[in-house]
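Residue numbers (my numbering): 18 to 212.
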């Protein structure tokens, strides 16, 4: 696929981050508190990856920067309408819906991670927030655990929507977007496509 008709879009960090996040989130989700050491470790990996991705969103390569996929709500809405009609423009980087999904996933995963650290600090008296959480009553842990579970489930819903969007976009533009997140390359744009 390394020919003149393809271009590098996703840098190695973005690809490693993406697949690392997929694996660590799924591992954390399926282990829940049943296997707490693995759940906790996977949660730490998610938190670390998110922290690095946020930094990379400001200093990274062209298509990795947040500024390259911030769109107005009206642009996102119009893109979704056009997608529903199977005539949305192709974007080399994140399209408006994909960009919005990235921000929602990051926010939901951050809320999942922080609430998990709070629960771990109070209930287990462990982790980086244990000292800060030592005086909090146990009922606060139970409330925070509900928040943690809500955002974990909300993240899973976003992931399902994300995968559906990838499938639809791949179908509409006859392009394997999963493969592009593995190789980093996409078909080069032509003059009629959005950048």
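Using N, Cα and C, we set each Cβ at its ideal position, and we do this for glycine too.
Under a Cβ-count criterion, where at least 16 other Cβ atoms within 10 Å of its own Cβ denotes burial, should residue i be classed as buried or exposed?
i	result
residue 81	buried
residue 71	exposed
residue 139	buried
residue 45	buried
residue 90	exposed
residue 135	buried
residue 191	exposed
residue 79	exposed
residue 112	buried
residue 86	buried
residue 43	exposed
Could you check the C-alpha separation between residue i and residue j for me, to the nearest Å?
i	j	result
residue 54	residue 48	9 Å
residue 93	residue 117	8 Å
residue 180	residue 66	20 Å
residue 57	residue 110	33 Å
residue 204	residue 187	12 Å
residue 159	residue 152	15 Å
residue 219	residue 147	As shown, the chain starts at 18 and ends at 212. That puts residue 219 outside it, with no answer to give.
residue 195	residue 76	25 Å
residue 122	residue 128	10 Å
For my contact list, residue i and residue j are in at a C-beta cut-off of 8 Å; report their separation, rounded to the angstrom.
i	j	result
residue 217	residue 63	Nothing can be reported for residue 217, as the shown portion of the chain is limited to 18 through 212.
residue 114	residue 97	6 Å
residue 161	residue 132	5 Å
residue 37	residue 130	Actually they are not in contact, since the Cβ atoms of residue 37 and residue 130 sit about 14 Å apart, beyond 8 Å.
Span of the beta strand (DSSP E) holding residue i?
i	result
residue 26	No beta strand (DSSP E) contains residue 26, which DSSP labels as neither H nor E.
Taking the continuous alpha helix (DSSP H) assigned at residue i, which residues delimit it?
i	result
residue 70	53–76
residue 83	Looking at the DSSP string, residue 83 is not in any alpha helix (DSSP H), and its letter there is neither H nor E.
residue 99	90–101
Quick check for students: name the residue ranges of the beta strand (DSSP E) that lie wholly in the region 122–184, counting only runs of 3 or more.
Correct list: empty.
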